[in-house]
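Number 518 marks the last residue of the sequence shown (the numbering used here); no jumps.
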Amino acid sequence: MRRETADLLVSGGCLRSRKPRVCEYPFPTLTLRDRRAQRNGQQPWDVLSFIACGKSLERLSAHRQVIPSPVSHTADPFGSLSIDLPLRSSELLQEFYRHTKGMDPTSQALLAPATSDVFALRTTMLIAAFHFDRMSESGLQSFHRTYLHHKIQAIQSVNSWIAGGPTRLVTCIIRQVATLCFIEICFGDFVSAGAHLNGMVLLLQNQIQRRANEEPSSQTQDEIEDELTDRYSLLVVTVYIRNINRLMHSLRFTPGSGNFWTAYQKGLADLSRPFDQVERNCDFDLKVLTLRMIPLFDKSPPPGMTLGWVSGWETINKLRDISESIDMVRSRPVTDNDEMRLAMSCTNGVASQLHVHHITSHVASFRNDENATRDDEWCTTWCGLYITTSIYFHRVLGLRDPLERTYQNYVIHVLRKAITKHLNFMKTGQCKSEKILLWQIFLGAINVEIIPKNEVLEDHDPPARAFFDMALWDWSQTVGIEGWSEARHILSEIVWPRQHPDEALLEAIWKRSCGR
Numbered sequence: 003m004r005r006e007t008a009d010l011l012v013s014g015g016c017l018r019s020r021k022p023r024v025c026e027y028p029f030p031t032l033t034l035r036d037r038r039a040q041r042n043g044q045q046p047w048d049v050l051s052f053i054a055c056g057k058s059l060e061r062l063s064a065h066r067q068v069i070p071s072p073v074s075h076t077a078d079p080f081g082s083l084s085i086d087l088p089l090r091s092s093e094l095l096q097e098f099y100r101h102t103k104g105m106d107p108t109s110q111a112l113l114a115p116a117t118s119d120v121f122a123l124r125t126t127m128l129i130a131a132f133h134f135d136r137m138s139e140s141g142l143q144s145f146h147r148t149y150l151h152h153k154i155q156a157i158q159s160v161n162s163w164i165a166g167g168p169t170r171l172v173t174c175i176i177r178q179v180a181t182l183c184f185i186e187i188c189f190g191d192f193v194s195a196g197a198h199l200n201g202m203v204l205l206l207q208n209q210i211q212r213r214a215n216e217e218p219s220s221q222t223q224d225e226i227e228d229e230l231t232d233r234y235s236l237l238v239v240t241v242y243i244r245n246i247n248r249l250m251h252s253l254r255f256t257p258g259s260g261n262f263w264t265a266y267q268k269g270l271a272d273l274s275r276p277f278d279q280v281e282r283n284c285d286f287d288l289k290v291l292t293l294r295m296i297p298l299f300d301k302s303p304p305p306g307m308t309l310g311w312v313s314g315w316e317t318i319n320k321l322r323d324i325s326e327s328i329d330m331v332r333s334r335p336v337t338d339n340d341e342m343r344l345a346m347s348c349t350n351g352v353a354s355q356l357h358v359h360h361i362t363s364h365v366a367s368f369r370n371d372e373n374a375t376r377d378d379e380w381c382t383t384w385c386g387l388y389i390t391t392s393i394y395f396h397r398v399l400g401l402r403d404p405l406e407r408t409y410q411n412y413v414i415h416v417l418r419k420a421i422t423k424h425l426n427f428m429k430t431g432q433c434k435s436e437k438i439l440l441w442q443i444f445l446g447a448i449n450v451e452i453i454p455k456n457e458v459l460e461d462h463d464p465p466a467r468a469f470f471d472m473a474l475w476d477w478s479q480t481v482g483i484e485g486w487s488e489a490r491h492i493l494s495e496i497v498w499p500r501q502h503p504d505e506a507l508l509e510a511i512w513k514r515s516c517g518r
């Protein structure tokens, strides 16, 4: 973090103080920070949101304020928006959209309507603040109050909903919490990010339970909202876990050697900019490009469009490249630490490229025809591909196994939904990507087998092990492949390392599921 901004944050105490504040989601009362934000409160909370002024979430969509353009005599494209834009907000938003003009026309068209949605626009404002911090030599200093204003409003909107907001807004609220978590990760405040993430997962679990108790819905819009929420939540969970692991490496923290958060606070001064420390291997231009696309994870598709499937071809190719590199290193009689560190460094670079591809494939999945890619042998669900790519990195290649398993239950739940959907389409002949589906089922089964049983929570789903066994059986019967050698050949055909220590486990899972 730039020194000027870092000094301001440390002394200001709102984003990060020496004793970090955490948002308590279970309680509907306003925190001290939010109480300061009410009328006649101290700056920068003197011009405040709908919550402080007593306005309800029900009236958000109808609330508009015209802001004259500071840079043009023509009509301001951001002059009629879904939230108030005080403290130079309009200027910050215009600066953000100025940089999106270099993006492809599809992305520009999808980003533009975000200004009419209160939650998506709030996400855009927070992302725009960090984007400006990254692009400007002076950092966030000139828009710091603007950032604080919108961050506090986002927190207040969540607290207000928890105190009694309409159920129909639950997915919007979950995505708003995901934004708060993501932006704290960007600024390097992992304590607050973890608190937001725990709140997000709690809301997700309640949503899963509510969906389980509902009658099956035929409303396409509900499915789209759930899919969009799952994608954004998975992205944030993965970014958080990956960065925590990298931060442990940067701080030379050994799991089991003490309290990580104590070590984190002591070592914070040595990290000139936490975001740079945890994302060193990502190309700056690619990082900024993906940052500009993040608001699309909090914006529903335009009318007439849906979230379709994606092609796994590019992802699999990148996994093949890193698998070959790891095979080469491990094939040597003696592998020293320097060689393995180099291999892991290469992995980090590929991981960044995959991160870019996952985000761009999300944008590409906005389409009018949901069936557009299902004839492709590599077509798959976005969530299924995203989760199993991470499992392949950690469980199969053995690179930086995530120590944080608090969110495993949610991740496995989403993977099961994705595999069930893929299986159903395959059974009815609506897709031809049975090979990549087998790869995903096996990765899910391996993940469940390796996690200690006391760490797997089965809150709302039947046992995960039984699910993946049945999925393998269904796949085998549908495709007509029953022998292990044929199934193993398909795994190698997709992507699999030559040397895998759990080869016997793979065969045992297949024989247990398919009987031969």
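Glycine is no exception: its CB is placed at the ideal position from the N, C-alpha and C atoms.
Look up PHE189 in the DSSP assignment and say whether it is helix, strand or coil.
Secondary structure of PHE189 (DSSP, three-state): coil.
For ILE496, which option in VAL450, ARG467, ILE438 has the closest C-alpha, if you only look at C-alpha atoms?
Ranking the options by Cα distance to ILE496, first place goes to ILE438.
Could you tell me whether the Cβ atoms of SER91 and THR148 are closer together than 7 Å?
Contact annotation: SER91 and THR148 have beta-carbon atoms nearer than 7 Å.
Per-residue DSSP class, three states only, for THR125
Of the three classes helix, strand and coil, the one that applies to THR125 here is helix, per DSSP.
Could you name the residues that DSSP lists as bridge partners for VAL481?
Note: VAL481 sits in no beta bridge, so no partner.
Three-state secondary structure assigned by DSSP to HIS65
Legend: pLDDT at HIS65 = 36, less than 50; position of this residue unreliable, value from coordinates given subsequently. HIS65 carries a coil assignment under DSSP once its states are collapsed to helix, strand and coil.
Mind reading off the beta-carbon distance from ALA131 to LEU123? Whole number of angstroms is fine, and I expect it under 8 Å.
Contact flag wrong, Cβ pair sits at about 13 Å.
List the whole-angstrom C-beta distance separating GLU451 from LEU507, where the pair is believed to meet the contact cut-off of C-beta under 8 Å.
Between LEU507 and GLU451 the Cβ distance is about 6 Å, and since that is below 8 Å, they are a contact.
Where HIS491 falls, given that 16 or more other Cβ within 10 Å makes a residue buried
Exposed is the call here.
Three-state class that DSSP yields for VAL312 in the structure shown:
The answer is strand: DSSP assigns VAL312 an E or B state.
I need the DSSP call for CYS381, collapsed to helix, strand or coil.
The answer is strand: DSSP assigns CYS381 an E or B state.
If you draw a straight line from the C-alpha of HIS133 to the C-alpha of LEU230, how long is it?
Each residue's alpha carbon lies about 23 Å from the other.
To which residues of the same chain is ASP329 closer than 6 Å at the C-beta, ignoring the five residues directly before and after it?
Counting only Cβ-Cβ distances below 6 Å, and skipping sequence neighbours, we find PRO499, ARG500.
What is the DSSP secondary structure of ARG136, reduced to helix, strand or coil?
Assigned with DSSP and collapsed to three states, ARG136 falls in helix.
When burial is assigned at 16 or more other CB atoms within 10 Å of the CB, is GLY201 buried or exposed?
With 16 or more other Cβ atoms within 10 Å, it is buried.
To which residues of the same chain is THR390 closer than 8 Å at the C-beta, ignoring the five residues directly before and after it?
Answer for THR390: LEU417, TRP441, GLN442, LEU445, GLY446, listed in chain order.
Taking the alpha carbon of ASN426 as the reference point, which residue from VAL398, SER327, VAL481 has its own alpha carbon closest?
ASN426 has its Cα closest to that of VAL481, out of VAL398, SER327, VAL481.
Using the Cα positions of VAL398 and LEU112, report the straight-line distance between them to the nearest angstrom.
Distance from the CA atom of VAL398 to the CA atom of LEU112, rounded to whole angstroms, is 36 Å.
Give the C-beta separation of HIS364 and ARG233 to the nearest angstrom, bearing in mind that I take them to be a contact with Cβ-Cβ under 8 Å.
So it is a contact: roughly 6 Å between Cβ atoms.
So what does DSSP say about TRP512, is it helix, strand or coil?
Three-state DSSP puts TRP512 in a helix.
Quick check: the stretch 236 to 244 against the stretch 180 to 198, are there 3 or more CB pairs under 8 Å?
Yes, the stretch 236 to 244 is in contact with the stretch 180 to 198.
GLY310 versus ASN449 - alpha carbon distance:
One C-alpha to the other measures close to 26 Å.
Unbroken alpha helix (DSSP H) run spanning ALA2, endpoints
This structure cannot settle anything about residue 2, because the visible part of the chain is limited to 3 through 518.
Buried or exposed by the 16-neighbour rule on C-beta atoms within 10 Å, applied to GLY517:
Classification of GLY517: exposed, given that the 10 Å Cβ count is below 16.
Nearest CA to the CA of ARG294: which residue from LEU95, GLN410, ALA510?
Cα-wise, what sits closest to ARG294 is LEU95.
If contacts are defined as beta-carbon pairs under 8 Å, then THR308 and ILE361 qualify, I think. What distance do you get, rounded to the angstrom?
About 18 Å separates the two Cβ atoms, so there is no contact after all.
Buried versus exposed, by CB contacts within 10 Å (16 or more), PRO107:
A residue is called buried when at least 16 other Cβ atoms come within 10 angstroms of its Cβ; PRO107 does not meet this threshold and is exposed.
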